[in-house]
Amino acid sequence: MEENPFILGVDLDGVVADFYKQLRIIAAEWLDKPLETLTTKVTFGLDEWGLDEYGGYEKLHRFAITERNLFRKMEPIKDAPSVLRKLSLKGVRIRIITHRLFLKYFHKTSIVQTVEWLDSYDIPYWDICFMKDKGAVGAHAYIDDAPQNIINLRAKGCYTIVFSNATNLHLDGPRANNWREAEALVMESMDEWRTGSLTLFGAEGFSAPNAP
Ligand SMILES: [Mg+2]
């Protein structure tokens, strides 16, 4: 690892892990509804699935993690583990940043499932941060799917790649529709960072040639 590596802040759910696919299966069971009645064209918060009359999203989330091992059972998004391995070998420092601890009382379960899952798919990372304010972590580029995270990061001047899914189609690019496209964007941003020409750059506290 070089002394001043390019750091990529990587969100997990909806970017590396196929969160919505597995959660939809669990939600169908929890709601006792046929799977096909739950749309895949969801917005952030999953209002389309009619969770409110059953107690709301947080109750489903708790059930999914504690009783159905959601964070252990999800499939990776296609090509995510292999592209992250390639990027790591090319000198990108992978920093996982996830807000999976947003509910109280089962942090241990969430963390154990997360770390076991990452190992089981041989996903490389040097750092793992469980936190909400992703911009406070400090990375040279980010990849995320949650609209509000992307908006907040960009408002701080952080270069942020949108990883496409139904929840974020309204946002401007840079955008990756798959991990092949993400790989190209990350390599491009690393080159631009090295030459000091990366725009929308500069998480607070980071020094860089073109940081404000
Ligand atoms: Mg996400």
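Position 44 of the sequence shown, counting from 1, maps to 47 under the numbering used here, and the rest follow consecutively. C-beta atoms are modelled at their ideal positions from N, C-alpha and C, and glycine is treated no differently.
Residue i, buried or exposed, once every other Cβ within 10 Å from all chains shown has been counted against 16
{"i": "Leu-38", "result": "exposed"}
{"i": "Phe-209", "result": "Because Phe-209 carries a pLDDT of 41, less than 50, the predicted location of this residue cannot be relied on, and the following value inherits that uncertainty. Looking at its Cβ environment, which holds fewer than 16 other Cβ atoms inside 10 Å, Phe-209 is exposed."}
{"i": "Leu-201", "result": "buried"}
{"i": "Trp-129", "result": "exposed"}
{"i": "Ser-192", "result": "buried"}
{"i": "Tyr-113", "result": "Residue identity check: residue 113 is Ser in the sequence provided, not Tyr. Buried, by the Cβ-count rule."}
{"i": "Asp-50", "result": "exposed"}
{"i": "Lys-107", "result": "exposed"}
{"i": "Ser-167", "result": "buried"}
{"i": "Thr-40", "result": "exposed"}
{"i": "Arg-197", "result": "exposed"}
Three-state secondary structure (DSSP) of residue i
{"i": "Val-45", "result": "coil"}
{"i": "Lys-137", "result": "helix"}
{"i": "Glu-39", "result": "helix"}
{"i": "Glu-6", "result": "coil"}
Limits of the unbroken alpha helix (DSSP H) element including residue i
{"i": "Val-95", "result": "Unbroken run through Val-95 is the beta strand (DSSP E), 95-101; no alpha helix (DSSP H)."}
{"i": "Ala-158", "result": "150-158"}
One or two residues paired with residue i in a DSSP bridge
{"i": "Tyr-145", "result": "Gly-12 and Thr-163"}
{"i": "Ala-20", "result": "Asp-16 and Pro-79"}
Residue i: CB within 8 Å of a non-hydrogen atom of ligand 2
{"i": "Leu-15", "result": "Ligand 2 is not part of the structure shown, which contains ligand 1 as its ligands."}
Taking only runs that begin and end inside the segment 161-210, name each unbroken alpha helix (DSSP H) of 4 or more residues, in chain order.
Within the segment 161-210, the complete alpha helix (DSSP H) runs of at least 4 residues are 182-198.
Just to confirm the assignment: which complete alpha helix (DSSP H) runs, minimum length 4, are found wholly within the segment 46-134?
With a minimum length of 4 residues, the continuous alpha helix (DSSP H) runs that stay inside the segment 46-134 are 60-69, 73-76, 83-92 and 110-123.
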